[in-house]
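S.K.: Take this structure first; my questions come after.
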Amino acid sequence: MAKIAPLAEIVEKQIDMLTYGQWGICAGCGGGIVVQALARAVDTIGIPNKDIVILNGIHCSGSQAASLKCNFIGGLHGRSIAYATGLKFARPDLTVITVQGDGDAVGIGGNHFIHAARRNSDITVVVNNNFIYGRTGGQYGPTTPKGAFATSAPYGTVDRPIDICKLAESAGATFVARGTTYHVIELVDILEKAIRHHGFSVLDIITQCPTAFGRYNPSLMGNSTTEMLKWMRDHSVRIDKAKGIGTQELEGKLVIGVFVDKEAPVYEDEYEKIIQAAKKVK
Amino acid sequence: MDKQKNVQLMQGNEAVVEGAIAAGVRFFAGYPITPSTEILERISVRLPQVGGKFIQMEDEIASISAVLGASMGGVKAMTATSGPGFALMVETIGYAIVAEIPCVVVEVQRVGPGAGMVFTSQQDTMSIRWATPGGFETITLAPASVKECFELTIRAVNLSERFRVPVFLLSDAHLAHIREKVEVPNYNEVLRVDRTRPTVPPYKFLPYEADETGVPGMPDFGSEYRCKIVAVLHDKTGKYGPSPEERTFILKRLHNKILAHLDELPMVEEYMLEDADIAVFSYGICARAVKAALKTARAEGIKVGLMRPITLWPFPKEAVSKLTSRVSDIIVAEMNSGQLLGEVERANEGNANIRFVGQEDGIVMDPQRILSAIREVG
Amino acid sequence: MKTRDLQSTKVRALIEVNAKQCKRCGICVEFCNRGVLAEGEDGLPEVVNLEQCTLCRLCELRCPDLAIMVEEAT
Chain H
1 MAKIAPLAEI VEKQIDMLTY GQWGICAGCG GGIVVQALAR AVDTIGIPNK DIVILNGIHC
61 SGSQAASLKC NFIGGLHGRS IAYATGLKFA RPDLTVITVQ GDGDAVGIGG NHFIHAARRN
121 SDITVVVNNN FIYGRTGGQY GPTTPKGAFA TSAPYGTVDR PIDICKLAES AGATFVARGT
181 TYHVIELVDI LEKAIRHHGF SVLDIITQCP TAFGRYNPSL MGNSTTEMLK WMRDHSVRID
241 KAKGIGTQEL EGKLVIGVFV DKEAPVYEDE YEKIIQAAKK VK
Chain Y
1001 MDKQKNVQLM QGNEAVVEGA IAAGVRFFAG YPITPSTEIL ERISVRLPQV GGKFIQMEDE
1061 IASISAVLGA SMGGVKAMTA TSGPGFALMV ETIGYAIVAE IPCVVVEVQR VGPGAGMVFT
1121 SQQDTMSIRW ATPGGFETIT LAPASVKECF ELTIRAVNLS ERFRVPVFLL SDAHLAHIRE
1181 KVEVPNYNEV LRVDRTRPTV PPYKFLPYEA DETGVPGMPD FGSEYRCKIV AVLHDKTGKY
1241 GPSPEERTFI LKRLHNKILA HLDELPMVEE YMLEDADIAV FSYGICARAV KAALKTARAE
1301 GIKVGLMRPI TLWPFPKEAV SKLTSRVSDI IVAEMNSGQL LGEVERANEG NANIRFVGQE
1361 DGIVMDPQRI LSAIREVG
Chain X
2001 MKTRDLQSTK VRALIEVNAK QCKRCGICVE FCNRGVLAEG EDGLPEVVNL EQCTLCRLCE
2061 LRCPDLAIMV EEAT
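Heads up: the protein sequence lines correspond to chains H, Y and X, in order.
Each residue of the first sequence is one higher than the last, beginning at 1 in the numbering used here.
Each residue of the second sequence is one higher than the last, beginning at 1001 in the numbering used here.
Each residue of the third sequence is one higher than the last, beginning at 2001 in the numbering used here.
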């Protein structure tokens, strides 16, 4: 684990405090915790800000990523990974990171998520998974648990949620990890690993949304930010421990840690070979 | 293909690819859709030959999005599609407009709503301009020959860079597949326009502040400038939620990027129009059918000519207005049910009689129909 | 073996809460396992047990608003 730098230093180097507070984020939202962890990870690795590009989807959780001092692209709902694919392919010298909500990444953006994973594009995808669509007031999404309430599920949802890590793994992502906003030190660590990883990295970060998800589902994770963080603390099982436990016992638990960390041909590198081959043919 | 020869026989779609390469396009992301697929296939061969990047994406939304990503990265980028694919790209076109990202979209029209049929039409004349929410101005060029497929693609790329705006090349299934001669220049001698980079020092740079050109300088990632691009309505700093005055300001600037250049942007071809009493107004492949009809009509002694817009948008209102005073009758000929017809009627300051000849059957306009209409008037 | 005297009353840290940025979410107070912070006036966290702070910086890490900063005391 890297030494934890003083926040004042991180803010000085990585964050524009003039805009950090302007995003209209609720008290206790976990998104800011993720953004700070991202700033710390980037700082530890030492990539110059001019060579980093953060892409935000449409969400509230994680909006503060636009206040990081590196380059920023704000795009349409669900399309960050598609922009990132084109950007990284055209400019493999850049470090490309998306910060998205759960619906943005695997709902409307699901197709791009799957194919970028399949290609193993060298992009890092940070998903703020708060099980709800917070920005638009609390509708259900692809990761909302079955039976949970939301403004568009007044009787509870009838469909099952998707597991972002399993989806990423089966689509071919070569670095897949789950973290939470409670386990902050590990959070910085997996962000650092994900960004360093050469290939498609996905981080499924369980983030609390007390205003929407918490309020509509007090019996699921709790009704306040502190209750929800405690839920994460009490229901998380680290992956190495989870391996020794049966599926029955893991019901209702959150498995956290690194699921996939492997090497595979990276899209941008493979295409370089095509260019070399094409130039020889006339 | 021997590049030393300067006259080549090319297919319309192929000419678009060569025009793109000549213009400096080095990134293409696309999705197969008839009748544009040859562009995708041909450019997948050509781009890596010149060190460029090609990718077939998972759908059209991904394609235009990847194009924008590459363009934001400083690489000239293009995609090609047909009507249904364009429909999927519409939201992202709006993004390119508000974020001011240069890009070229080639639309090769087919016929019919929905999936339609893979034959020719001019049914997307209006939608290419108006489909994206907001109604903001973009530029659309309509080639009427394979030669123009080549030349106008270069022009489209250059205009998109100059104005930081999406530019469309509106072709059709027929033109895409015929073969005609193209005199191909040395690509190193082709005039290439690049987006302007910021001139103020990095600490003073505001991403959406423009000088008197009305177009903000666009910095490169990896330079000393912090790049910020946003999809929302913003002020000069890129911040969301500007005041009503700021909104008016930026939206006006976006309109004016095009509207302030109405003296130079609209291009029109005048053919046999100098002594004409009657004019036919037609564009794209339809204008070729018109030219065939004109030959016969002239031989019969009817003084008729053609006004052919090469720029469909911005609409060449001034040229059309003047025409309505020069001739007594204008026949608008389109391969649709009447789309630029309304624009011509709106520009009718000279009180000319305006008639319409349409054809919507997937086949190129029959010159006989034009001839009949001309004879009726003449 | 060197042992750390955790009962020592030597102050190791200086803690500052930015009242403007702080949204009174309560996370830092709830999760400081040394009891350094408590809810003060207007919900703003206040330092009640500075000597107990070990500079773990978990309050910093868990603050969504970057409103609490811990400095090493000189």
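We put the CB at the ideal spot given by N, CA and C, even for glycine.
Treat the numbers as computed from the prediction; the structure is a model and nothing was measured.
From the beta carbon of Y/I1229, is the nearest beta carbon of chain H less than 8 Å away?
M.R.: Interface residue, yes.
S.K.: Would X/V2011 be called buried (16 or more neighbouring beta carbons within 10 Å of its own) or exposed?
M.R.: Answer is exposed; the Cβ neighbour count stays below 16.
S.K.: Given that H/Q36 touches chain X, what residues does it touch there, using C-beta distances under 7 Å?
M.R.: Neighbours of H/Q36 on chain X, chain order: L2061, L2066.
S.K.: With distance defined between alpha-carbon atoms, name the residue in Y/L1341, Y/P1309, Y/G1012 nearest to Y/T1153.
M.R.: Among Y/L1341, Y/P1309, Y/G1012, the Cα nearest to that of Y/T1153 belongs to Y/G1012.
S.K.: Starting from H/D122, find everything on chain Y with Cβ-Cβ shorter than 8 Å and list it in chain order.
M.R.: Those within 8 Å of H/D122 in chain Y number zero; the least Cβ separation is about 14 Å.
S.K.: Starting from H/Y83, follow the alpha helix (DSSP H) in both directions and report where the run begins and ends.
M.R.: Where H/Y83 is concerned, the enclosing alpha helix (DSSP H) stretches over 80-90.
S.K.: So with CB distances below 8 Å, who are the chain Y contacts of H/H115?
M.R.: Within chain Y, the residues near H/H115 are M1057, E1058, A1062.
S.K.: Which ranges does the beta strand (DSSP E) cover as unbroken runs of at least 3 residues, wholly within the segment 1028-1057 of chain Y, from first to last along the chain?
M.R.: Fully enclosed beta strand (DSSP E) runs of 3 or longer: 1053-1056.
S.K.: Run the CB neighbour count on H/G24, radius 10 Å, all protein chains shown included, and call it buried at 16 or more, exposed below.
M.R.: Flag for H/G24 reads exposed.
S.K.: Would you mind giving the Cβ-Cβ distance between Y/M1335 and Y/E1376, rounded to the nearest angstrom? I have them listed as a contact below 8 Å.
M.R.: Wrong, their Cβ atoms sit about 20 Å apart, outside the cutoff.
S.K.: I'd like the ranges of any alpha helix (DSSP H) spanning at least 4 consecutive residues and lying wholly in the segment 1127-1210 of chain Y.
M.R.: You should have 1127-1130, 1146-1163, 1173-1177.
S.K.: Considering Y/D1329, what are the terminal residues of the beta strand (DSSP E) in which it resides?
M.R.: Residues 1329-1334.
S.K.: Under the assumption that Y/K1257 contacts Y/V1165 (Cβ atoms under 8 Å), give the Cβ distance between them as a whole number of angstroms.
M.R.: Going by Cβ atoms, the distance from Y/K1257 to Y/V1165 rounds to 6 Å, so yes, they are a contact pair.
S.K.: Can you tell me whether Y/S1372 is buried or exposed, with buried defined as 16 or more other CB within 10 angstroms of its CB?
M.R.: Looking at its Cβ environment, which holds fewer than 16 other Cβ atoms inside 10 Å, Y/S1372 is exposed.
S.K.: Can you find a CB in chain X that lies within less than 8 Å of the CB of H/T226?
M.R.: Yes, contact with chain X.
S.K.: Quick one: what's H/I206 bridged to in DSSP?
M.R.: For H/I206, which the question treats as bridged, DSSP gives the partners H/N129, H/T180.
S.K.: Do the segment 131-138 of chain H and the segment 113-121 of chain H meet, that is, are 3 or more Cβ pairs less than 8 Å apart?
M.R.: Touching, no.
S.K.: With H, G and I counted as helix, E and B as strand and the rest as coil, what does DSSP make of Y/D1220?
M.R.: Looking at Y/D1220 - three-state DSSP - the assignment turns out to be coil, as it is neither helix nor strand.
S.K.: Can you find a C-beta in chain X that's less than 8 Å from the C-beta of H/G101?
M.R.: No, H/G101 does not count as interfacial toward chain X.
S.K.: Could you give the residue range of the alpha helix (DSSP H) that holds X/C2028?
M.R.: Looking at the DSSP string, the run of the alpha helix (DSSP H) that includes X/C2028 is 2027-2031.
S.K.: Quick one: which residues of the segment 68-94 of chain H get their C-beta closer than 8 Å to a C-beta of chain X? List them in chain order.
M.R.: Listed by position along the chain: nothing, the set is empty.
S.K.: Is H/A277 helix, strand or coil by DSSP?
M.R.: Note: H/A277 maps to helix in three-state DSSP.
S.K.: Out of Y/E1058, Y/G1238, Y/R1129, Y/A1077, state which residue places its alpha-carbon closest to the alpha-carbon of Y/E1091.
M.R.: Cα-wise, what sits closest to Y/E1091 is Y/R1129.
S.K.: Using a Cβ-Cβ distance cut-off of 8 Å, determine whether H/V53 contacts chain X.
M.R.: It does not: the Cβ of H/V53 has no partner Cβ on chain X nearer than 8 Å.
S.K.: Give me the Cβ distance between H/F175 and H/S201, rounded to the nearest whole Å; I'm assuming they're in contact under 8 Å.
M.R.: Their Cβ separation, rounded to whole angstroms, is 4 Å, which keeps H/F175 and H/S201 in contact under 8 Å.
S.K.: Quick check: the Cα distance between H/G62 and Y/S1282, rounded to an integer number of angstroms?
M.R.: So the alpha carbons of these two residues sit roughly 52 Å apart.
S.K.: Is the CB of H/A20 under 8 Å away from at least one CB in chain Y?
M.R.: The amino acid at residue 20 of chain H is misidentified as Ala; the sequence shows Tyr. It does not: the Cβ of H/Y20 has no partner Cβ on chain Y nearer than 8 Å.
S.K.: Under 8 Å, Cβ to Cβ, is there at least one residue of chain H near Y/G1222?
M.R.: It does: the Cβ of Y/G1222 has a partner Cβ on chain H nearer than 8 Å.
S.K.: Taking the CB atoms as reference points, tell me whether H/G75 and H/L55 lie closer together than 8 Å.
M.R.: The answer is yes: Cβ separation under 8 Å.
S.K.: What does DSSP give as the partner residue(s) for H/S201 in the beta ladder?
M.R.: Partner(s): H/T124, H/F175.
S.K.: Give me, in chain order, the residues of the same chain whose beta-carbon lies closer than 8 Å to that of X/Q2021; leave out the 5 immediate sequence neighbours on both sides.
M.R.: So the qualifying residues of the chain are D2065, L2066, A2067.
S.K.: Would H/Y133 pass as an interface residue toward chain B - the criterion being a Cβ-Cβ separation below 8 Å?
M.R.: The structure shown contains no chain B; its protein chains are H, Y and X.
S.K.: Considering only the beta carbon of each residue, do Y/S1127 and Y/R1110 sit closer than 8 Å?
M.R.: Going by C-beta atoms, Y/S1127 is not nearer than 8 Å to Y/R1110.
S.K.: Decide yes or no for the touch test of the segment 1101-1119 of chain Y against the segment 1078-1085 of chain Y: beta carbon pairs closer than 8 Å, at least 3 of them.
M.R.: The segment 1101-1119 of chain Y, when compared against the segment 1078-1085 of chain Y, does touch it at the 8 Å Cβ threshold.
S.K.: Using a 10 Å radius around the Cβ and a threshold of 16 neighbouring Cβ atoms, would you call X/C2025 buried or exposed?
M.R.: X/C2025 is buried by the Cβ-count criterion.
S.K.: Just the C-alpha distance for H/I275 and Y/M1089, rounded to the nearest angstrom, thanks.
M.R.: Straight-line Cα distance between these residues: approximately 28 Å.
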